[in-house]
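Read the structure below first, then the notes.
Protein chains: 2
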Amino acid sequence: MFSGAQISLYPMTDDFVDVITSALNALDPYRAQLRIETDDISTLLVGPPEVLFPAMRDLFSAAARSDKHCVLSATISRGCPGEPNDAICNSSHFDGPVVPFLERQTAALTAVQNATDMGVFSVAQLSLYVLGQGNHMDEICGCIDFLKQSGTFEKSKHFATKLSGDSGALFATVEQAFCRFGPPQGHVTIDLTVSANSPSAR
Amino acid sequence: MFSGAQISLYPMTDDFVDVITSALNALDPYRAQLRIETDDISTLLVGPPEVLFPAMRDLFSAAARSDKHCVLSATISRGCPGEPNDAICNSSHFDGPVVPFLERQTAALTAVQNATDMGVFSVAQLSLYVLGQGNHMDEICGCIDFLKQSGTFEKSKHFATKLSGDSGALFATVEQAFCRFGPPQGHVTIDLTVSANSPSAR
Numbered sequence: 071m072f073s074g075a076q077i078s079l080y081p082m083t084d085d086f087v088d089v090i091t092s093a094l095n096a097l098d099p100y101r102a103q104l105r106i107e108t109d110d111i112s113t114l115l116v117g118p119p120e121v122l123f124p125a126m127r128d129l130f131s132a133a134a135r136s137d138k139h140c141v142l143s144a145t146i147s148r149g150c151p152g153e154p155n156d157a158i159c160n161s162s163h164f165d166g167p168v169v170p171f172l173e174r175q176t177a178a179l180t181a182v183q184n185a186t187d188m189g190v191f192s193v194a195q196l197s198l199y200v201l202g203q204g205n206h207m208d209e210i211c212g213c214i215d216f217l218k219q220s221g222t223f224e225k226s227k228h229f230a231t232k233l234s235g236d237s238g239a240l241f242a243t244v245e246q247a248f249c250r251f252g253p254p255q256g257h258v259t260i261d262l263t264v265s266a267n268s269p270s271a272r
Numbered sequence: 071m072f073s074g075a076q077i078s079l080y081p082m083t084d085d086f087v088d089v090i091t092s093a094l095n096a097l098d099p100y101r102a103q104l105r106i107e108t109d110d111i112s113t114l115l116v117g118p119p120e121v122l123f124p125a126m127r128d129l130f131s132a133a134a135r136s137d138k139h140c141v142l143s144a145t146i147s148r149g150c151p152g153e154p155n156d157a158i159c160n161s162s163h164f165d166g167p168v169v170p171f172l173e174r175q176t177a178a179l180t181a182v183q184n185a186t187d188m189g190v191f192s193v194a195q196l197s198l199y200v201l202g203q204g205n206h207m208d209e210i211c212g213c214i215d216f217l218k219q220s221g222t223f224e225k226s227k228h229f230a231t232k233l234s235g236d237s238g239a240l241f242a243t244v245e246q247a248f249c250r251f252g253p254p255q256g257h258v259t260i261d262l263t264v265s266a267n268s269p270s271a272r
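Just so you know, the sequences run in chain order A and B. Each residue of the first sequence is one higher than the one before, starting from 71 at the first, in this note's numbering. Each residue of the second sequence is one higher than the one before, starting from 71 at the first, in this note's numbering.
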């Protein structure tokens, strides 16, 4: 199954080029496991979720450690019928059948509890889209139930759910939402924003 | 039908607060027709597409005229089954039945040709999601056919389509994609990025 993301990093500083290029070093441990292509609006990362989410976490956390207001925006997708399969995306996440929500939510909560502590406080906002089937709201609501228990839940908003906490827990939460909700072989996307060091009141 | 967007504006400059607050004046003509709520990660705009898209266009164009590298990111949604109806969203866009693709594409192209010229060159990237039905790729492919003919098409990418041109034509193109593809009363979302003044090569 094809999976990956179009990501962009926005440091709100005159030195945005330096912040971005310095943060890109954080991708080095993942480069052999990802296909990476950049243009003037986003960078494509193609690879399995277990590589993709830690890579995004480390990239964003490195930029946020500049103490500048930084945002990472990502369009994340798996199983799009229009995308060819690619061996680099092979993942153990999507082998099994659909299991009951309680089982999925319990496994997702355990993964978040075991997340790496990055030492970077962030806020995040995500919208999960389950495509190609009539009962998409059941899966979305099952995911929102998990988000509310995740320890990173901040509030429900129109069109999105807002999270806050350590960036390690946040990216683990979004990875679990992406992998465990929607059918294992289904077309699922997430529209994600992660932000650190904003001067605005929460 | 409930419709609106969570939007964020990212000026890549030390003066990002000033660029944002100055650009917000561009929303003044639309404020009576929108519900607007801001927190530290995004601003909610609730209203019909014929107000929402010109408002986003004018806000982004005002920020881009600072000549700083600026990005607007938006999660745009209509018809989500979980959202209550709201009279402020009343729109003539969604009254009719589903009409053939050729008819929709022709009307969409006419609207883009008649778009306001803003004098701001920009690039944009969008992903259209049609939810709650099995044939979602038919609607997405019908939309991509329109985008390719729109005069703003730059290239197809994994997970997204990239556009470039005047910001007036770009926001008109995205409005047509949002309003004319997916069933009139269906659940449709767009993940949108618009960028100006990037130092990166296109």
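Note that the Cβ used here is the ideal one computed from N, Cα and C, for glycine as well. Computed from a prediction, not measured in an experiment: that's the story for all the values here.
Beta-bridge analysis with DSSP links R148 (chain A) to A:S73 and A:V258. Taking all protein chains in view, the Cβ of A102 (chain A) is surrounded by fewer than 16 other Cβ atoms within 10 Å, so the residue is classified as exposed. Residue environment: C159 (chain B) is assigned as buried (16 or more neighbouring CB atoms within 10 Å of its CB, all protein chains considered). L201 (chain A) reaches chain B at Y199, V200, L201 and H206, counting residues in chain order whose Cβ is nearer than 8 Å. Non-local beta-carbon contacts of S112 (chain B) in its own chain, meaning distances under 7 Å to residues more than five positions away in sequence, involve Q76, I77 and S78 in chain order. The Cβ of I111 (chain A) sits closer than 8 Å to at least one Cβ of chain B. L114 (chain A) has a beta carbon lying within less than 8 Å of a beta carbon in chain B.
By the criterion of a C-beta distance shorter than 6 Å, E107 (chain B) is surrounded in its chain by L114, once the five residues flanking it on both sides are discounted. Counting other Cβ atoms within 10 Å of its Cβ, R272 (chain A) stays below 16 and is therefore classed as exposed. The Cβ neighbour count for E173 (chain B), taken over all protein chains shown within 10 Å, is under 16; the residue is labelled exposed.
Here I260 (chain A) has I146, L196, L198 and F248 as same chain residues with Cβ atoms under 6 Å from its own Cβ, once five neighbours each way along the sequence are excluded. When DSSP states are grouped into helix, strand and coil, P81 (chain B) belongs to the strand group.
Contact check for F123 (chain A) and V244 (chain A): beta-carbon distance about 7 Å, within the 8 Å limit, so the pair qualifies. Non-local C-beta neighbours of M188 (chain B) in its own chain, meaning closer than 7 Å and more than five positions away in sequence, comprise R127, S131, D236, S237 and G238, ordered along the chain. Put simply, the backbone Cα of I90 (chain B) is about 30 Å away from that of A96 (chain A). For V182 (chain B), the closest of B:T222, B:G212, B:V169 and B:F191 by C-alpha to C-alpha distance is B:T222.
When rounded, the separation of the alpha-carbon atoms in A125 (chain A) and D165 (chain B) is 45 Å. Taking 8 Å as the cut-off, the beta carbon of S226 (chain A) is found no closer than this to the beta carbon of S143 (chain B). Around the beta carbon of S162 (chain B), fewer than 16 other beta carbons sit within 10 angstroms, so the residue counts as exposed. The beta carbon of G152 (chain B) falls within 8 Å of a beta carbon belonging to chain A, placing the residue at that interface.
Assigned with DSSP and collapsed to three states, T222 (chain B) falls in coil, not helix or strand. Chain A places a beta carbon closer than 8 Å to that of T83 (chain B), counting this residue as a contact. Short of 8 Å from the beta carbon of N155 (chain A), and not among the five residues preceding or following it, lie these beta carbons of its own chain, in chain order: M71 and F72. The alpha-carbon separation between G117 (chain A) and G74 (chain A) amounts to approximately 5 Å. Within a 10 Å sphere around the beta-carbon of C140 (chain A) sit 16 or more other beta-carbons, which makes this residue buried.
By DSSP's assignment, C140 (chain B) forms a beta bridge with B:P81 and B:A266.
The C-alpha of A177 (chain A) lies about 15 Å from the C-alpha of P254 (chain A).
Closest in alpha carbon position to G252 (chain B), among B:P170, B:E209, B:S92 and B:F191, is B:E209.
R135 (chain A) sits in coil when the DSSP states are folded into three classes, being neither helix nor strand. Our two residues, F86 (chain B) and V168 (chain B), have alpha carbons roughly 43 Å apart in a direct line. Against chain A, the beta carbon of R127 (chain B) has no neighbour under 7 Å; the closest one sits roughly 17 Å away. Between D110 (chain A) and S268 (chain B), the C-beta spacing is below 8 Å.
For V182 (chain A), the secondary structure class from DSSP, reduced to helix, strand or coil, is helix. Under the three-state reduction of DSSP output, R127 (chain A) falls in the helix class. Sorting A:L240, A:Q175 and A:Q203 by C-alpha distance to the C-alpha of C213 (chain A) places A:Q175 at the top. Contact of H139 (chain B) with chain A is assigned, a C-beta pair being separated by under 8 Å.
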